[in-house]
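In our numbering, the protein residues as written are 2 to 146.
Backbone N, C-alpha and C fix where the C-beta goes; we use that ideal spot for every residue, glycine too.
The structure displayed is predicted, hence computed values, not measured ones.
Now the structure itself:
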């Protein structure tokens, strides 16, 4: 059963279509645990949060905590892409422009050579980011600069 978040500003007809399609997709895949969907566009006046569970009798909320599992790179890519669209960063910029040397020290050492100052924003959003030892700490430091 899908439940909606608190502030909904889209039309009831549009919300109904979104909820119906979302519930159909979540219930159609029994390997899902919980589906959460957020649609937000201030310019269009749209804000819609929905959560659903494959078992329609299971009540879930879009505001409840959930485990991200392996979508960290996707979330990072979205955040970085938003910054790129706003013109705040470029994918080819080196992250050393944004972080102190103390944070970069030893981040990526290969065969005794420290390549930490060569890491680009692009490395964060492609498969090239495998060399980052602790991605969660890095993301927190990068976005709290």
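Practice task
Taking only runs that begin and end inside the stretch 37-71, name each unbroken beta strand (DSSP E) of 3 or more residues, in chain order.
Solution key: 47-53
Problem - C-beta contact flag for residue 1 and residue 117 at 8 angstroms - result: Because the chain in this structure spans residues 2 to 146, residue 1 falls outside the shown range and cannot be described.
Exercise for the section: May I ask you to report which of helix, strand or coil DSSP gives residue 75? Expected result: Taking the first residue of the chain shown as 1, we reach residue 75 at position 74. Of the three classes helix, strand and coil, the one that applies to residue 75 here is helix, per DSSP.
Problem - Secondary structure of residue 126, DSSP reduced to three states - result: In the chain shown, residue 126 corresponds to position 125, counting from 1. It is coil, neither helix nor strand.
Problem - Residue of 122, 65, 44, 114 minimising C-alpha distance to residue 54 - result: Counted from its first residue, the chain shown places residue 54 at position 53. Nearest C-alpha to residue 54: 65.
Practice task
Would you list the residues sitting across from residue 114 in a DSSP beta bridge?
Solution key: Stepping through the chain shown from its first residue, residue 114 is reached at position 113. Answer is 111.
Practice task
Report yes or no: do three or more beta-carbon pairs, one from the stretch 13-24 and one from the stretch 43-52, lie closer than 8 angstroms?
Solution key: yes
Exercise for the section: Kindly confirm or deny that the stretch 32-43 and the stretch 81-95 touch, where touching means at least three C-beta pairs closer than 8 angstroms. Expected result: no
Handout entry: Rounded distance between the beta-carbons of residue 81 and residue 90, thought under 8 angstroms
Key = Position 89 of the chain shown, counted from the first residue, corresponds to residue 90. Position 80 of the chain shown, counted from the first residue, corresponds to residue 81. Contact flag correct, Cβ pair sits at about 7 angstroms.
Problem - residue 105: first and last residue of the uninterrupted alpha helix (DSSP H) it sits in - result: Numbered from 1 along the chain shown, position 104 holds the residue referred to as residue 105. Residue 105 -> alpha helix (DSSP H) spans 102-105.
Handout entry: Distance between residue 112 and residue 76 (C-alpha atoms, nearest Å)
Key = Residue numbering aside, residue 76 sits at position 75 when the chain shown is read from its first letter. Residue numbering aside, residue 112 sits at position 111 when the chain shown is read from its first letter. About 31 angstroms.
Exercise for the section: Output the distance between the C-alpha atoms of residue 13 and residue 58, rounded to the nearest integer angstrom. Expected result: Your numbering for residue 13 matches position 12 in the chain shown. Your numbering for residue 58 matches position 57 in the chain shown. About 23 angstroms.
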